[in-house]
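Residues 3 to 119, numbered by the working numbering, are exactly what the sequence shown covers, in order.
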Amino acid sequence: AALIDGEIDVLRRQAAQRFGGNQQQAMELPRELFEEQAKRRVVVGLLLGEVIRTHELKADEERVKGLIEEMASAYEDPSEVVEFYGKNKELMDNMRNVALEEQAVEAVLAKAKVTEK
3 AALIDGEIDV LRRQAAQRFG GNQQQAMELP RELFEEQAKR RVVVGLLLGE
53 VIRTHELKAD EERVKGLIEE MASAYEDPSE VVEFYGKNKE LMDNMRNVAL
103 EEQAVEAVLA KAKVTEK
């Protein structure tokens with residue numbers, strides 16, 4: 003329940019941010035609006051975490067670099083964005099997590115058996 007509550011808070015803040023609200027307004031949004039999405043995100047996160055542990059996955063630094071470069075290409079000065087990310091541990095950790103999630107999904111897909119009906 004604590005994981006779901008935390009995820010609901012994150013979703014509330016994101017919704018308030020999108021619509022120009024503040025923290026106080028975010029917490030006033032009904033939790034029911036976010037409960038299903040929060041549950042789904044928690045379950046997916048736990049499953050991906052288990053895949054990462056089971057397969058002993060580590061973030062592929064080349065993939066991380068590629069993700070940063072791809073994202074930076076949308077900006078006027080991509081090299082500045084790449085440099086900014088490189089100097090910010092939190093941003094780098096976030097990109098490593100994105101890469102790890104992609105690698106976990108690929109590991110599952112590699113073992114999945116697809117049958118057509």
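Glycine is no exception: its CB is placed at the ideal position from the N, C-alpha and C atoms.
Could you give the DSSP three-state label for GLY22: helix, strand or coil?
Within the sequence shown, numbered from 1, the residue matching residue 22 stands at position 20. Three-state DSSP puts GLY22 in coil, outside helix and strand.
Taking buried to mean at least 16 other C-beta atoms within 10 Å of its own C-beta, is LEU102 buried or exposed?
Locating residue 102 in the sequence shown gives position 100, counting from the first residue. By the neighbour-count rule (16 or more Cβ atoms within 10 Å), LEU102 is buried.
Just mark GLU111 as buried or exposed, buried being the case when its beta carbon has 16 or more other beta carbons within 10 Å.
What you label residue 111 is simply residue 109 of the sequence shown in a count that begins at 1. Correcting the residue identity first, residue 111 is Leu in this sequence and not Glu. LEU111 is exposed by the Cβ-count criterion.
ASP62: first and last residue of the uninterrupted alpha helix (DSSP H) it sits in
The residue you call residue 62 lines up with position 60 of the sequence shown. Segment: none, ASP62 is in no alpha helix (DSSP H) and carries neither H nor E.
If you scan the segment 59-107 from start to end, which runs of the alpha helix (DSSP H) of 4 or more residues do you find wholly inside it?
63-74, 80-88
Can the beta-carbon of LEU69 be found less than 8 angstroms from the beta-carbon of ALA109?
As a first step, residue 69 is located in the sequence shown; it is residue number 67 there, counting from the start. As a first step, residue 109 is located in the sequence shown; it is residue number 107 there, counting from the start. Cβ atoms of LEU69 and ALA109: not closer than 8 angstroms.
For the 8 angstroms Cβ check, are there 3 or more pairs between the segment 45-56 and the segment 87-95?
no
Over the uninterrupted alpha helix (DSSP H) stretch that includes THR56, give me the two end residues.
What you label residue 56 is simply residue 54 of the sequence shown in a count that begins at 1. Segment 34-56, the alpha helix (DSSP H) holding THR56.
Going by C-alpha distance, which of ILE6, TYR87, GLU63, ALA18 is nearest VAL46?
As a position in the sequence shown, residue 46 is number 44, starting the count at 1. If we check each option's Cα against that of VAL46, ILE6 comes out closest.
Indicate whether at least one CB of chain C lies closer than 8 angstroms to the CB of GLU34.
Given the protein chain composition of this structure (a single chain), no chain C is represented.
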